[in-house]
Amino acid sequence: MAWCIEPFINASHTTDGHYQPCCIAQVDKTAGRTTENLTPIEAMNTQYMQDLRAEMNAGTPGKLVNHACSNCIFNESHGVKSRRQKQNNKYQNEKTMATVNRTTSDPSSAIVKQDLEYVNLKMLGNICNLKCVMCNPASSSKIAAEYKKHGMLAATQPMIANPMATDNRVNYLNNILEILETVNRFSLIGGEAFVHPDFEYIFEKILTVKNIHKLELFIITNGTVIPDYVLKSADRFKNLLINFSVDGIGKKAEYIRTGTEWEVVDENIKLTLQSNASVGFNVTGQVLNAGYLHEVYDYIVNSLGLPAETASWDNIVTNPQMHNMINLPDKLKEQYLSAYNDSGMLAIPGLKTQINTLKLPQQSSLEFTRFIKNRHQFDKIRNTDLLECYPEFIDYQYLLENK
Ligand code: SF4
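Count along the sequence shown from 1, then add 840; that gives the number in my numbering.
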């Protein structure tokens, strides 16, 4: 594997403003390609991006691809569908291939804003109101504060990541608004977008874009807060898609996404369904829902009455590896698969990626031990209890003794 459409058609950066080939690509933060000194279009045309695209076109992963695309490489080598495969399927068309061919045959031909198919900038930084178990300080200010309190964050590392530094804020926003005049899909990602103090200001700016009736605005949310003014503006867009991250239902949702109240999320989902916004779900497969995807399916399909395709089911946590369901012990995987078999879930096409991952043998017992130790450590800090929601893990508490 090597070739991917993402670095040709999408602009992305991390919550602290480091440009990356796509939203999951690894970044060399010492390289200094940031929102402070580059516009998104300039970032697409740096020597690094040209070299990365050339390496992809050559067909064999080299140093740059092996580093940037390690998530996709890992997934593909373990039989899990990668973002690369999904995006190649979704975005390869006449227009995007014209961009690929032009920039490949003439490396001096720059990528221009009209070439972008979508923009995936984590422009809202890491401000978030939750501490999801699989998340990290770079993506949640709440986790950063927790790490700081318990001495797990370097003293020099800021708790708030912000790609819009004060002195370039106006330029940064103007660059994005300019891109939005030609791009058809824009993802507004945090942290948690709706709790960001600047969200309303940024949203109002987006409403001024002339292209708005052609724009699909995609907002990922944990569902704890849904501003009324957002729902009321839904019909200004070609499509306003509010994508709820739902990995569990009830107490499991509350355990996985520490700080959430499931009843509030459920209410906000139902409120959004009554508006002109579209609703989607992101169900991210991981150790803590590997045996309970039927509960999420039942909620979306039977309780809300929505088609199963409303949710994107085939995402799997691969970073950090300890939360990757591939690392579950084989005995637990068999137990979960047998329950899915009994309830007919094995036949649900959308769950293929997750089910196939459960069918693979345990990848790393070390990562699973890390998971058990990590939960023990954070249960103490957060006053939560893994075993209350997941009693099956009682059989693995002995791993706490392992060095
Ligand atoms: S191969 Fe994967 S990580 Fe690399 S740019 Fe494509 S989607 Fe992103």
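Ideal Cβ positions, reconstructed from N, Cα and C, are used throughout, including at glycine.
- Taking the Cα of Asn1196 as reference, the smallest distance to any Cα among Phe1034, Ile1052, Cys863 and Ile1156 is reached at Ile1156.
- In the same chain as Val1035, and ignoring 5 residues on each side of it, the C-beta atoms closer than 8 Å to its own belong to Ile967, Cys968, Asn969, Thr1064 and Val1065, in chain order.
- Excluding residues up to 5 positions away in sequence, Asn1079 and Leu1081 lie with their Cβ nearer than 6 Å to the Cβ of Ser1118 in the same chain.
- Here the distance from the Cβ of Ala1093 to the nearest heavy atom of the ligand SF4 is not below 6 Å.
- Considering only Ile1042, Ile1019 and Leu1071, the residue with the shortest C-alpha distance to Lys1054 is Ile1019.
- Taking 8 Å as the upper bound for CB-CB distance, Val905 and Ala995 are not in contact here, some 34 Å apart.
- At the C-beta level, Ile845 and Tyr931 come within 7 Å of one another.
- Where Leu1057 is concerned, the enclosing beta strand (DSSP E) starts and stops at Glu1056 to Thr1061.
- Beta-bridge pairing by DSSP links Tyr859 to His853.
- When the beta-carbon positions are compared, Val959 and Ala851 come within less than 7 Å of each other.
- Between Leu1071 and Val1023, the gap from beta carbon to beta carbon reaches 7 Å or more.
- Around the Cβ of Ile1000, a 10 Å sphere holds fewer than 16 other Cβ atoms; the residue is exposed.
- Taking the Cα positions, Phe1084 is about 6 Å away from Asn1122.
- Secondary structure note for Ser910: its alpha helix (DSSP H) is the uninterrupted segment Ser910 to Ser917.
- Residue range Ser1205 to Arg1222 is occupied by the alpha helix (DSSP H) that includes Ser1205.
- Relative to the ligand SF4, Ile864 has its C-beta within less than 6 Å of a heavy atom.
- Bridge partners of Phe1026 according to DSSP: Val959 and Leu1057.
- By the Cβ-count criterion, Thr1048 is exposed, with fewer than 16 other Cβ atoms from all chains shown falling within 10 Å of its own Cβ.
- Here the stretch 1121-1141 makes contact with the stretch 1084-1100; the two share three or more CB pairs at distances below 8 Å.
- Between the ligand SF4 and the CB of Arg873, the shortest heavy atom gap is not smaller than 6 Å.
- If one requires a minimum length of 3 residues, the beta strand (DSSP E) runs lying completely within the stretch 936-1014 are 958-961, in chain order.
- Distances from the CB of Pro861 to the heavy atoms of the ligand SF4 include at least one below 6 Å.
- Arg1097 is bridged by DSSP to Cys972.
- Taking C-alpha positions only, Ser1073 is separated from Gln997 by approximately 37 Å.
- Here the alpha carbon of Val952 sits roughly 27 Å from the alpha carbon of Phe1039.
- The beta-carbon distance between Met1185 and Leu1240, rounded to whole angstroms, is 31 Å. This is too long to meet the 8 Å contact definition.
- Around the CB of Gly899, fewer than 16 other CB atoms lie within 10 Å, so the residue is classed as exposed.
- The continuous alpha helix (DSSP H) containing Val1136 extends over residues Leu1133 to Tyr1137.
- The continuous alpha helix (DSSP H) containing Ile881 extends over residues Pro880 to Met884.
- Going by C-alpha positions, Asp1154 is about 10 Å away from Pro1189.
- Under the three-state reduction of DSSP, Trp843 is assigned to coil, being neither helix nor strand.
- According to the DSSP assignment, Val1105 belongs to the alpha helix (DSSP H) that extends over Trp1102 to Leu1113.
- Counting along the chain, the unbroken beta strand (DSSP E) around Asn1079 starts and ends at Asn1079 to Ser1085.
- In terms of Cβ geometry, Arg893 and Cys912 do not form a close pair [threshold 7 Å].
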